[in-house]
Amino acid sequence: MNGKPVARLILGFALLAILVLPVVPTASAKVPVHVRAVTWDGRILLDRTVRAGTATVRTSGKATCLGGSPGSGSKRVPGATALGALQQAQAVRKPHRPLLISNAFDFGLGVCGVGDAVAEGEQWWELTHNHQPSTLGGEGTRLRKNDSVLWYLAKSYNLPSPDELYLEAPGKVRKKKSFKVRVLAFDDQGRSRPVAGAKLSVAGTGRTDSRGYARVSIGKKARFVARADGLIVSNRVVVRIRR
Ligand code: B12
C-alpha cells in the first residue's frame, strides 16, 4: 500500500482542524459577565462577576408566577446565557436558596424567584441585558464577554419599569484625597443621562450635582452604591486605597 495519499489525507485533516476548530463556538466556553439581582424595594441580592457558561437548572412545580402548569425537573442550558449566569452567581452566594424556575412554556424557561425573593401577585422578574430589556427569556438571552445582566423584581406588571441607576467610581484612590464619582440612569432604550440628587451609600457623602457628580474622600476601603427615589438601585463599586 502506498503511504503517501494516506499521509496527505492526515495532513489535510490536521490543517483543517487548525483552521476551523478555533472559530467553531463551543457550548462549554465561559465568559466573564456582570450579574445583578435587585428588588423594587432596593434590596441587592446579587452583584458580582461570574464566568458564565453551560448550566443545568432545576425547574419547580411551585414556579407559578407566569401561569401555565410548571413541573419539577432539570434542564441543561447550553452556552453563556442570562439564566445560566444568574444560576452561577446565586450558587456562589446562597447554594441552599436556589432559583425558582418555571418550565410551563415551550418557548423557554421563566424566572419566578431568586432565593427568598419570589414574585407574588403582580410582581415579576424583569431581565435587562446591557441596560436594555431583553426581548427573549433568560435561557434565550446569550451573553458575550463583559456583558451586564440585571434581574429586577418589579413591583407590578401594571406599572412602567423604572430607569436603572449606574455608578461610575475609580477602583483605587489615595487615602483621604477627594475624588469624583458619577451617577447615571439608563432608560428602557439603553440611553444614559446624569442623575442629580442621588444618594451614595458611604457616610458623609453629599448628593450628586446636576451633572451626576459627587466629590468624596475615604480613609479605608469602601463599597459605593447609589440610590434615588423611583429608580432601580445601582451597581456596587468597591473603592480601595492605593498603597
Ligand atoms: C403579558 C406578557 C408578560 C407579562 C405576563 C404576566 C401577566 N400576568 O400578564 C410579564 C410582564 C410578567 C412578562 C414577562 C416577561 N416577558 Co412576556 N409577554 C407577555 C405578552 C405581551 C402576552 C402574554 C399573554 O398574556 N399571552 C396570552 C395568554 C392567554 O397566554 P399564556 O401562554 O398563558 O401567557 C403567559 C405566558 O406568555 C407567560 N409569559 C409571559 N412572558 C413570558 C416570558 C417567558 C420567558 C416565559 C417563560 C413565560 C412568559 O405569562 C403569560 C401570562 O400568564 C407576550 C407577547 C405575546 N403576544 O404573546 C410576551 C412574551 C411572551 N414575553 C416575552 C419576554 C421576553 C418576557 C421577559 C423575558 C421580558 C424581560 N425582558 O424580562 C419577561 C419574563 C422574564 C422572566 N421572569 O423569566 C417574549 C418571549 C420571547 C421568547 N421567545 O422568549 C414575548 C413573546 C414578547 C416578545 N418579545 O415578543 N411578559
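Under my numbering, think of the first position of the sequence shown as 7, with each following residue one higher.
Positions of the beta carbon are idealized from the N, C-alpha and C atoms, including for glycine.
The structure presented is a predicted model; accordingly, all values stated were derived computationally and were not measured.
How about the segment 170-189 and the segment 51-71: do they share at least three Cβ pairs that are nearer than 8 Å? The segment 170-189 vs the segment 51-71: no contact.
What number of angstroms, rounded off, separates the C-alpha of L115 from the C-alpha of T141? 14 Å
Assess contact between the segment 126-135 and the segment 150-164, defined as three or more Cβ pairs (one per stretch) separated by less than 8 Å. Is contact present? yes
I'd like the span of the beta strand (DSSP E) that includes V98, first residue to last. Taken as a continuous stretch (DSSP letters only), V98 belongs to no beta strand (DSSP E), being part of the alpha helix (DSSP H) at 88-99.
Given A123, which residues of its chain have a CB within under 8 Å of its CB, disregarding the five upstream and five downstream residues? A43, T45, R49, L51, L159
Between L142 and the ligand B12, is the CB less than 7 Å from at least one heavy atom? yes
Residues bridged to T55 by DSSP? H40
Regarding E126 and the ligand HEM, is the C-beta to nearest heavy atom distance less than 7 Å? Only the ligand B12 can be found as ligands here, which leaves the ligand HEM out of the picture.
Beta-carbon gap between R229 and V244 smaller than 8 Å: Yes, the pair counts as a contact, with Cβ atoms nearer than the cut-off.
Is it buried or exposed for E128, if we count other Cβ within 10 angstroms and need 16 for buried? exposed
Three-state secondary structure (DSSP) of N136: If DSSP states are grouped into helix, strand and coil, N136 belongs with coil.
Rounded to the nearest angstrom, how far is the Cβ of Q93 from that of L105, given a contact under 8 Å? 6 Å
Can at least three beta-carbon pairs, one atom from the segment 163-176 and one from the segment 186-206, be found at a separation below 8 Å? yes
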